[in-house]
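One structure is given below, encoded as structure tokens.
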Ligand SMILES: Cc1ncc(COP(=O)(O)O)c(C=O)c1O
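Following this line, the structure appears as structure tokens:
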């Protein structure tokens, strides 16, 4: 998973997985427009998923995309996501457990129009990140940057505060002044319905959960309208 659009150490992950024969599925839901050494995230594993959910950089209202250069996987994925029906002029027979995960035409049309705006949106978001970097420089607050050689799409900018108390003070201070900052998602292992599930201690995850804050990162509609004029 390329968290908040920051590319993970995907080459290293793929190398380790190759050694042990583990196929890699990249969760690139958040990382449309992010690159590792000029290569787009989602092209390193066996396959990857992109999300066009309403909260993403570009949206089709809902839905997403599977990306792969393995034709057999592509054909099988298409089969499974379109109810696994055997092609036939009038018989309706399904040969596997399938799903109705199509992206409807109307949503896809919206996605095509949004794709045309992607470069401008990425450029705007990159500009916002530069301003945040300037703001936090020398403040003692860690502003997250991509690893060297990588480009992050800046879907969500993030800072890491010194402690949970400092995080809570920051959240209260900013939200009370109309700046919608938010803590990172509550870890799934702490949600009621998954509490009983096995995990390995999650030391780093708990550390980050207590300190990471996401900053406003959306492209305001007004900015895009100004460009279009
Ligand atoms: C990392 C990650 N994976 C998966 C998803 C799920 O994508 P979707 O909402 O399109 O099902 C999201 C967000 O929506 C996400 O951020």
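Residue numbers (my numbering): 574 to 802. Heads up, the beta-carbon is just placed ideally off N, CA and C, and yes, glycines get one too.
{"Asked": "Closer than 7 Å: residue 624 CB and nearest ligand 1 heavy atom", "Found": "yes"}
{"Asked": "Option nearest residue 694 by Cα separation, candidates 788, 769, 629 and 658", "Found": "629"}
{"Asked": "Spatial distance of residue 713 from residue 795 (CA atoms)", "Found": "33 Å"}
{"Asked": "heavy atom of ligand 1 below 7 Å from residue 637 C-beta", "Found": "yes"}
{"Asked": "Segment limits, alpha helix (DSSP H) that includes residue 791", "Found": "Note, residue 791: premise wrong, no alpha helix (DSSP H); not H, not E."}
{"Asked": "Three or more C-beta pairs below 8 Å linking the segment 660-671 and the segment 686-705", "Found": "no"}
{"Asked": "Cβ-heavy atom distance, residue 610 to ligand 1, below 7 Å", "Found": "no"}
{"Asked": "Pair within 8 Å by beta-carbon distance, residue 740 and residue 786", "Found": "yes"}
{"Asked": "C-beta atoms of residue 580 and residue 609 nearer than 8 Å", "Found": "yes"}
{"Asked": "C-alpha distance - residue 710 paired with residue 775, whole-angstrom precision", "Found": "30 Å"}
{"Asked": "Cβ neighbours of residue 698 in the same chain (closer than 8 Å, five flanking residues each side left out)", "Found": "630, 726, 727, 728, 790 and 792"}
{"Asked": "Residue environment, residue 603, which counts as buried when at least 16 other CB atoms sit within 10 Å", "Found": "buried"}
{"Asked": "Which of helix, strand or coil DSSP assigns to residue 692", "Found": "helix"}
{"Asked": "Touch test, the segment 630-643 against the segment 677-687, Cβ-Cβ under 8 Å, three pairs minimum", "Found": "yes"}
{"Asked": "Cβ-Cβ separation, residue 575 to residue 614 (assumed contact under 8 Å), whole Å", "Found": "5 Å"}
{"Asked": "Straight-line Cα distance separating residue 645 from residue 718", "Found": "37 Å"}
{"Asked": "Residue 581 CB to nearest heavy atom of ligand 1 below 7 Å", "Found": "no"}
{"Asked": "Closer than 7 Å: residue 602 CB and nearest ligand 1 heavy atom", "Found": "yes"}
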